[in-house]
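So the protein lines, in turn, are chains A and B.
With the UniProt record's numbering, letter number 136 in the first sequence gets 136, and the count goes up by one each step, no holes.
With the UniProt record's numbering, letter number 22 in the second sequence gets 22, and the count goes up by one each step, no holes.
Idealized CB from N, CA, C, for every residue including glycine.
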Amino acid sequence: MNASEHGFNPAFNMATIKQVVNEAIERVRMPTPMRLRDLIRQIRAARTAAEERSVVNKECAYIRSTFREEDSVWRCRNIAKLLYIHMLGYPAHFGQLECLKLIASSRFTDKRIGYLGAMLLLDERQDVHLLITNSLKNDLNSTTQFVVGLALCTLGAIASPEMARDLAGEVERLMKSPNGYIRKKAALCAFRIIKRVPELMEIFLPATRSLLSEKNHGVLITGVTLITEMCENSPDTLNHFKKIVPNLVRILKNLILAGYSPEHDVSGVSDPFLQVKILKLLRVLGINDVDASEAMNDILAQVATNTETSKNVGNTILYETVLSIMDIKSEGGLRVLAVNILGRFLLNNDKNIRYVALNTLLRTVHVDTSAVQRHRSTILECLKDPDVSIRRRAMELSFALVNTQNIRTMMKELLTFLEKSDPEFKAHCSSSIVLSAERYAPNKRWHLDTLLKVLVAAGNYVRDDVISSTIQLISESTNQQAYVTLQLYRALSEDYLNRQPLTQVAVWAIGEYGDLLLQAAIEDEQNVTPPTEDEVIDLYQKLLWSPQNTATSKQYTLMSLTKLSTRFSNTNKIQQIISSFCSSLHVELQQRGVEFSQLFGKYSNLRPALLERMPPMEVVRQPDSQINGDVNDVETKSAEESPQHLMNNESNALLDLLGGDNGLDIDIIASSTQPSQPVANTNNQDLLDLLGLDPLPTTPSIEPSNNMGLIIENNNSNLLPIMNNQNSNFLTGILSEREVPSITAYNKEGLKIVFSLDRIPDSNQLTINVAAINQTLSHMTDFLFQAAVPRTFQIQMLSPSGTSMAPNGQVTQVLRVINPSKNVLRMRIKISYVIDGNPVEDQAEVNNFPTDIWD
Amino acid sequence: MQFMLLFSRQGKLRLQKWYVAHPDKLKKKITRELITTILARKPKMCSFLEWRDLKIVYKRYASLYFCCAIEQEDNELLTLEVIHRYVELLDKYFGSVCELDIIFNFEKAYFILDELLLGGEIQETSKKNVLKAIAAQDLLQEVSHGNIEI
Chain A
1 MNASEHGFNP AFNMATIKQV VNEAIERVRM PTPMRLRDLI RQIRAARTAA EERSVVNKEC
61 AYIRSTFREE DSVWRCRNIA KLLYIHMLGY PAHFGQLECL KLIASSRFTD KRIGYLGAML
121 LLDERQDVHL LITNSLKNDL NSTTQFVVGL ALCTLGAIAS PEMARDLAGE VERLMKSPNG
181 YIRKKAALCA FRIIKRVPEL MEIFLPATRS LLSEKNHGVL ITGVTLITEM CENSPDTLNH
241 FKKIVPNLVR ILKNLILAGY SPEHDVSGVS DPFLQVKILK LLRVLGINDV DASEAMNDIL
301 AQVATNTETS KNVGNTILYE TVLSIMDIKS EGGLRVLAVN ILGRFLLNND KNIRYVALNT
361 LLRTVHVDTS AVQRHRSTIL ECLKDPDVSI RRRAMELSFA LVNTQNIRTM MKELLTFLEK
421 SDPEFKAHCS SSIVLSAERY APNKRWHLDT LLKVLVAAGN YVRDDVISST IQLISESTNQ
481 QAYVTLQLYR ALSEDYLNRQ PLTQVAVWAI GEYGDLLLQA AIEDEQNVTP PTEDEVIDLY
541 QKLLWSPQNT ATSKQYTLMS LTKLSTRFSN TNKIQQIISS FCSSLHVELQ QRGVEFSQLF
601 GKYSNLRPAL LERMPPMEVV RQPDSQINGD VNDVETKSAE ESPQHLMNNE SNALLDLLGG
661 DNGLDIDIIA SSTQPSQPVA NTNNQDLLDL LGLDPLPTTP SIEPSNNMGL IIENNNSNLL
721 PIMNNQNSNF LTGILSEREV PSITAYNKEG LKIVFSLDRI PDSNQLTINV AAINQTLSHM
781 TDFLFQAAVP RTFQIQMLSP SGTSMAPNGQ VTQVLRVINP SKNVLRMRIK ISYVIDGNPV
841 EDQAEVNNFP TDIWD
Chain B
1 MQFMLLFSRQ GKLRLQKWYV AHPDKLKKKI TRELITTILA RKPKMCSFLE WRDLKIVYKR
61 YASLYFCCAI EQEDNELLTL EVIHRYVELL DKYFGSVCEL DIIFNFEKAY FILDELLLGG
121 EIQETSKKNV LKAIAAQDLL QEVSHGNIEI
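Below, the structure is given as structure tokens:
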């Protein structure tokens with residue numbers, strides 16, 4: 001139509017004539033370049049990649065050489081060839097500027113190819129794309145609708161933020177064009193512009209609404225798309241468009257009630273594209289809005305019941321309808337209808353339909369679980385589908401359906417699935433099983449069995465959180481320990497190579513409950529006999545020697561073996577194995593070998609107490625919480641308090657933990673668990689002071705005290721990194737240059753005050769964390785701590801954490817001491833408090849600060 | 001829609017339309033990986049794929065695969081209809097289209113797509129209107145360039 005219009009334009013005729021003449025001259029002047037189809041043939045005829053490359057390179061060189069030509073009639077042919085070459089994966093960006101020249105040309109073919117090239121070759125990250133803006137602006141003002149169309153299409157494809165800002169005004173103008181062809185393209189351009197630069201939305205608002213009063217489906221659908229984007233963009237706009245709900249309902253009604261219209265019919269459904277877009281916009285408008293939802297209930301019901309479902313088109317619309325019904329505030333009956341549609345979808349032969357059903361059920365399961373539960377068996381069937389997309393959806397949906405009633409059957413299916421599933425599913429699936437089991441386990445025995453099955457079925461794909469939560473559960477379940485240890489032992493002896501997480505959990509349990517293991521029995525299975533000591537040790541040897549086992553597993557194993565030395569009668573073999581690690585090439589293992597060996601020599605009297613069974617771990621269920629072996633209690637307590645108090649708490653809680661137990665040995669161990677490194681003589685004295693012990697009996701051990709501190713301290717902190725799988729912690733824990741020594745400043749009548757010293761490196765400032773601990777059985781109130789230092793020092797006291805202490809409670813306070821002259825620090829402290837109604841006041845001199853803290 | 005790719009059973013790219021700005025390198029990487037993933041799927045599997053964080057909808061027509069990456073909230077089934085509509089248009093335009101038509105007239109395939117979708121969204125739901133616009137532009141091309149073949 002346009003071409004013929006131009007036929008009456010004399011100017012156009014003149015231009016055409018001129019052009020034809022020029023082209024004729026040019027054709028004579030220079031040789032014709034190869035046609036596009038000939039190039040494609042040549043490339044396709046190439047038998048090897050090298051041959052193809054040589055054809056392409058030759059042509060590229062030729063194309064480059066033509067770039068110098070002025071207004072060439074062959075330019076569009078060369079660029080078209082370049083675009084083909086680009087699709088094959090060869091670089092073609094040297095053609096970018098040529099595309100710009102084509103766009104600026106007046107010939108329609110040039111523009112068409114030029115814009116195509118611009119869309120394929122221009123990259124919004126390169127400034128060169130901005131050169132096109134001016135040509136776009138010109139063409140957006142063209143009188144030929146197809147030139148405007150090309151420009152709009154290109155703008156919609158590139159739509160970089162800069163371009164969007166420059167051309168938004170033009171697009172807005174074209175949205176009001178009387179020409180539907182231009183209006184629909186302009187609407188989608190506006191959509192793209194808003195997507196890239198949301199603040200430009202305002203410009204388009206006035207021209208948008210009228211797009212809906214259009215008969216032309218192209219304009220309607222682009223208008224609906226634009227409004228949807230605007231509504232999702234800002235709540236204000238969403239409110240602004242609430243009033244169009246009746247219009248949308250009417251359009252939709254007309255679509256489904258209107259008779260057959262060949263132009264928009266797709267297998268008996270009238271314009272499914274438009275229907276889906278309107279349904280989506282209705283959903284956006286109806287979410288959390290009772291009135292709007294009310295206004296669309298009827299039409300949604302109509303669409304849901306009247307749509308022909310034998311073909312994909314019908315199901316497309318039903319699918320969108322279900323999504324809308326579920327998201328808006330729809331009537332109960334409508335929701336039932338929607339879930340029933342999804343139920344039918346689940347039984348559909350078409351895999352695509354089944355997939356969207358699973359997907360949608362997953363979205364609606366939190367709204368109406370019982371409705372989805374009805375389809376449980378079908379969903380579980382989908383776990384066995386050969387298609388990975390469907391299996392993934394079914395797995396997620398299955399986990400969403402697990403509850404107390406169905407946990408046993410669901411887990412049985414899911415464990416089977418876990419066993420057979422692809423590696424990509426195993427980590428996710430095993431963690432989900434563990435979480436579900438934790439929430440819904442009918443009893444401990446079942447829970448432990450399930451975790452064991454996960455460890456076996458998921459092998460190395462088990463995440464670390466599963467290891468820690470399993471260990472914690474075993475530790476808690478005091479009357480199941482013998483049973484579960486035996487089960488773990490059996491699983492481990494069947495396969496000790498490919499399941500590191502299983503290995504770690506199993507050796508942890510065997511280490512802790514080795515004595516129980518030897519007498520364990522399983523009620524239901526009579527012929528299961530517990531292993532002998534030698535069998536267990538043989539297995540450990542295999543674990544430790546096997547190159548497939550990771551260093552972390554071996555660390556667990558060594559620790560466990562050391563523990564077994566106090567649970568088994570035959571320690572010689574154990575000692576032998578451990579000492580063989582003194583020369584291990586792996587530094588972590590070697591260190592453990594050396595340290596643990598010490599426990600069989602000079603310090604073997606410490607061994608039984610050190611390797612005591614851990615107390616049941618407290619239930620602090622955080623998926624990624626640490627489980628810290630011996631000091632678990634300490635960790636859980638101190639986690640609630642500020643980090644600066646952590647040091648004090650630890651020693652403290654350890655004292656609580658172990659204090660009452662075995663007397664002397666443990667007390668010393670406990671106090672030296674503080675990572676106070678250089679246990680100088682004075683310090684040691686303090687430790688003894690602190691415990692109120694007569695220094696005499698321990699005098700012999702003062703000399704190697706340094707050593708002892710090291711062993712014990714390492715031993716305790718070892719447990720942390722092993723459990724955490726963070727070997728780096730381990731190293732820094734031992735080799736840390738910043739030691740935090742601590743001293744007891746005061747210990748009288750059940751009040752103990754401990755100073756933890758932390759010097760800020762390369763400064764003369766010392767931070768003292770003061771912890772006052774009430775060791776009496778009564779409350780202490782009105783507690784006040786004061787400190788004074790000689791004039792050469794400066795002291796700053798921060799406010800205390802409180803003024804009263806329950807029995808075993810404590811108050812902490814931070815002091816900062818600045819020591820410019822690096823003198824030996826002395827301090828006088830004054831304490832006052834009220835206990836059982838009696839005020840107590842006391843003073844003391846603290847002069848046992850380590851002399852080397854200022855070094 | 002984020003992008004549309006057409007590729008052959010042999011894994012050769014026949015058309016690529018990107019509605020998101022990615023560097024060339026990334027586009028190539030995505031294309032390569034997607035082609036491998038899709039070609040590895042069995043014919044009876046469903047048309048949807050969760051790949052990275054993208055939702056992929058693909059369908060095979062004769063020797064060509066049509067593959068679209070859509071947004072999370074887009075209707076997968078409708079995307080299949082869009083693909084089908086595009087195939088119908090190609091078929092009408094070329095007269096029972098085959099892979100060779102698209103190889104030798106790839107620019108036409110792009111032109112048709114650009115009349116169906118703009119910025120990744122449907123702009124025209126009437127087949128007739130799309131074909132009319134293409135025919136008119138082809139005519140315009142003839143008028144401006146004579147009967148010289150590209």
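Fill in: Proximity test, Cβ basis, 8 Å: B/Asp53 and chain A
Against the second sequence, residue 53 of chain B aligns to sequence position 53. With 8 Å as the cut-off, B/Asp53 does not count as an interface residue toward chain A.
Worksheet item: With which residues is A/Leu757 paired in a DSSP beta bridge?
Response: Here residue 757 of chain A is taken as the residue at index 757 of the first sequence, counted from 1. BP columns for A/Leu757 point to A/Ile768.
Item to complete: Would you kindly work out how many angstroms separate the C-alpha atoms of A/Ser469 and A/Met411, rounded to a whole number?
Response: As a working mapping, residue 469 of chain A is identified with position 469 in the first sequence. As a working mapping, residue 411 of chain A is identified with position 411 in the first sequence. Their backbone Cα atoms lie some 18 Å apart in a straight line.
Worksheet item: Residue ranges of each alpha helix (DSSP H) run of no fewer than 4 residues wholly in the region 68-145 of chain A, ordered along the chain?
Response: Runs of the alpha helix (DSSP H) inside the region 68-145 of chain A: 75-87, 96-104, 108-121 and 132-140.
Practice prompt. Counting only the same chain and skipping the five closest in sequence on each side, list residues whose C-beta sits under 6 Å from that of A/Tyr603.
Written response: Position 603 of the first sequence, counted from the first residue, corresponds to residue 603 of chain A. Nothing listed; no residue qualifies.
Worksheet item: If you compare alpha carbons, which of A/Arg165, A/Val55 and A/Leu497 is closest to residue 861 of chain A?
Response: The question about residue 861 of chain A has no answer here: the residues shown for chain A are numbered 1 through 855.
Practice prompt. Flag this pair as touching only if the region 106-123 of chain A and the region 136-153 of chain A have three or more C-beta atom pairs under 8 Å; answer yes or no.
Written response: Result yes; three or more Cβ-Cβ pairs closer than 8 Å.
Discussion item. Assuming the contact rule is C-beta atoms closer than 8 Å, B/Ile70 and B/Val87 should be a hit. Round their C-beta distance to whole Å, please.
Written reply: To locate residue 70 of chain B, count along the second sequence from 1; it is residue 70. To locate residue 87 of chain B, count along the second sequence from 1; it is residue 87. B/Ile70 to B/Val87, Cβ: 17 Å. No contact.
Fill in: Which residues DSSP lists as bridging A/Asn747, in chain order
If you number the first sequence from 1, residue 747 of chain A lands on position 747. Beta-bridge pairing links A/Asn747 to A/Lys752.
Discussion item. For A/Ser638, count the other beta carbons within 10 Å of its own beta carbon; 16 or more makes it buried, fewer makes it exposed. Which is it?
Written reply: Here residue 638 of chain A corresponds to residue number 638 of the first sequence, with the count starting at 1. Since pLDDT at A/Ser638 reaches only 39, below the 50 mark, its modelled position is unreliable, and the value read off the structure follows with that caveat. Buried: at least 16 other Cβ atoms inside 10 Å.
Worksheet item: What is the residue span of the beta strand (DSSP E) that A/Gln786 lies within?
Response: Looking up residue 786 of chain A in the first sequence gives position 786. Element bounds for A/Gln786: Met780 to Ala788.
Worksheet item: Is B/Lys29 close to chain A, meaning its C-beta is less than 8 Å from at least one C-beta of that chain?
Response: To locate residue 29 of chain B, count along the second sequence from 1; it is residue 29. Cβ-Cβ to chain A under 8 Å: no for B/Lys29.
Item to complete: Could you tell me the distance, in whole angstroms, from the CA atom of A/Ser135 to the CA atom of A/Ser105?
Response: Position 135 of the first sequence holds residue 135 of chain A. Position 105 of the first sequence holds residue 105 of chain A. So the alpha carbons of these two residues sit roughly 10 Å apart.
Worksheet item: Whose Cβ in chain A lies nearer than 7 Å to the Cβ of B/Asp114?
Response: Position 114 of the second sequence, counted from the first residue, corresponds to residue 114 of chain B. For B/Asp114, the chain A residues whose C-beta falls within less than 7 Å of its own C-beta are Cys153, listed in chain order.
Discussion item. Measuring only the C-alpha atoms, how far is A/Asn747 from A/Asp842?
Written reply: Residue 747 of chain A sits at position 747 when you count from the first residue of the first sequence. Residue 842 of chain A sits at position 842 when you count from the first residue of the first sequence. A/Asn747 and A/Asp842 have their alpha carbons spaced roughly 11 Å apart.
Worksheet item: How would you label B/Asn105, buried or exposed, when you count the other beta carbons within 10 angstroms and need 16 or more for buried?
Response: Walking along the second sequence from the start, residue 105 of chain B turns up at place 105. Buried.
Item to complete: Give the single residue among A/Lys830, A/Ser821, A/Met827 and A/Gly837 whose Cα lies nearest to the Cα of residue 857 of chain A.
Response: Nothing can be reported for residue 857 of chain A, as the shown portion of chain A is limited to 1 through 855.
Item to complete: Starting from B/Glu149, find everything on chain A with Cβ-Cβ shorter than 7 Å and list it in chain order.
Response: For the purposes of this step, residue 149 of chain B is taken as residue 149 along the second sequence, with counting starting at 1. Listed along chain A are Arg35, each with a C-beta nearer than 7 Å to that of B/Glu149.
Practice prompt. Have a look at the DSSP bridge pairing and note the partners of B/Lys17.
Written response: Taking the first residue of the second sequence as 1, we reach residue 17 of chain B at position 17. Note: B/Lys17 sits in a beta bridge opposite B/Met4.
Discussion item. Tell me which residues share the same chain as A/Thr503 and place their Cβ nearer than 8 Å to its Cβ, disregarding the 5 neighbours each side in the sequence.
Written reply: Position 503 of the first sequence holds residue 503 of chain A. If we look at A/Thr503 and ignore the five residues flanking it on each side, its Cβ neighbours are Leu492, Tyr496, Leu543, Asn549, Ser553, Tyr556 and Thr557.
Worksheet entry | Reference residue 151 of chain B, options A/Gln275, A/His240, A/Ile203 and A/Ala15, closest by Cα | Chain B is shown only over 1 to 150; residue 151 of chain B falls outside these bounds and no answer can be derived.
Practice prompt. Starting from the C-beta of A/Ser431, find all residues in its chain whose C-beta is less than 7 Å away, skip the five residues before and the five after it, and write them out in chain order.
Written response: Numbered from 1 along the first sequence, position 431 holds the residue referred to as residue 431 of chain A. If the five residues before and after A/Ser431 are omitted, its C-beta is found closer than 7 Å to the C-beta atoms of Arg463, Asp465 and Val466, all from its own chain and listed in chain order.
Item to complete: Give the DSSP bridge partners of B/Lys55, in chain order.
Response: Mapped onto the second sequence, residue 55 of chain B falls at position 55. DSSP lists B/Glu50 and B/Ile70 as partners of B/Lys55.
Worksheet item: Can you name the residues of chain C whose CB is closer than 8 Å to the CB of A/Pro198?
Response: Here the protein chains are A and B, and chain C is not one of them.
Discussion item. Measuring straight from C-alpha to C-alpha, what distance separates B/Glu81 and B/Ala40?
Written reply: Counting from one through the second sequence, the residue named residue 81 of chain B turns up at place 81. Counting from one through the second sequence, the residue named residue 40 of chain B turns up at place 40. Distance between B/Glu81 and B/Ala40, taken at the CA atoms: about 23 Å.
Discussion item. Out of B/Phe94, B/Asp74, B/Tyr93 and B/Phe66, which one is the CA nearest neighbour of B/His84?
Written reply: Working through the second sequence from its first residue, we reach residue 84 of chain B at position 84. Just measuring C-alpha positions, the residue of B/Phe94, B/Asp74, B/Tyr93 and B/Phe66 sitting nearest B/His84 is B/Phe66.
Item to complete: Locate the beta strand (DSSP E) running through A/Ile287, then write down its first and last residues.
Response: For the purposes of this step, residue 287 of chain A is identified with residue 287 of the first sequence, where counting begins at 1. Going by DSSP, A/Ile287 is part of no beta strand (DSSP E) at all; its letter is neither H nor E.
Item to complete: Label B/Phe48 either buried or exposed according to how many other C-beta atoms from any shown protein chain fall within 10 Å of its C-beta, with 16 as the threshold for buried.
Response: Numbered from 1 along the second sequence, position 48 holds the residue referred to as residue 48 of chain B. Burial check for B/Phe48: the Cβ neighbour count within 10 Å reaches 16 or more, so the residue is buried.
Item to complete: Could you tell me the boundaries of the beta strand (DSSP E) in which A/Lys602 lies?
Response: As a position in the first sequence, residue 602 of chain A is number 602, starting the count at 1. Run containing A/Lys602: none; DSSP gives neither H nor E here.
Practice prompt. Classify B/Leu26 as buried or exposed, calling it buried when 16 or more other Cβ atoms lie within 10 Å of its own Cβ.
Written response: For the purposes of this step, residue 26 of chain B is taken as the residue at position 26 of the second sequence. Label assigned to B/Leu26: exposed.
Worksheet item: Would you call the CB atoms of A/Val224 and A/Ile158 closer than 8 Å?
Response: Mapped onto the first sequence, residue 224 of chain A falls at position 224. Mapped onto the first sequence, residue 158 of chain A falls at position 158. Their beta carbons are not under 8 Å apart, which means A/Val224 does not touch A/Ile158 by this criterion.
Practice prompt. Run the CB neighbour count on A/Ile17, radius 10 Å, all protein chains shown included, and call it buried at 16 or more, exposed below.
Written response: Walking along the first sequence from the start, residue 17 of chain A turns up at place 17. A/Ile17 should be labelled exposed.
Worksheet item: Going by Cα to Cα distance, which pick from A/Glu512, A/Asp289, A/Gln541 and A/Tyr540 is closest to A/Leu610?
Response: Within the first sequence, residue 610 of chain A is the residue found at index 610, counting from 1. Checking every option, the nearest Cα to that of A/Leu610 belongs to A/Glu512.
Practice prompt. Spell out the partners DSSP gives B/Leu118 in its beta bridges.
Written response: The residue labelled residue 118 of chain B in the question sits at position 118 within the second sequence. DSSP output for B/Leu118 lists B/Glu121 as bridge partner(s).
Worksheet item: Excluding the five sequence neighbours on either side, which residues of its own chain have a C-beta within less than 6 Å of the C-beta of B/Leu54, listed in chain order?
Response: Taking the second sequence and counting its residues from 1, one reaches residue 54 of chain B at position 54. For B/Leu54, same chain residues with a beta-carbon under 6 Å away, outside a window of 5 residues either side, are Ala69 in chain order.
Discussion item. Can you list, in chain order, the residues of its chain with a C-beta nearer than 6 Å to that of A/Asn288? Leave out the 5 residues immediately preceding and following it.
Written reply: One-based indexing of the first sequence puts residue 288 of chain A at position 288. The beta carbon of A/Asn288 sits closer than 6 Å to no other beta carbon from its chain once the five residues preceding and following it are set aside.
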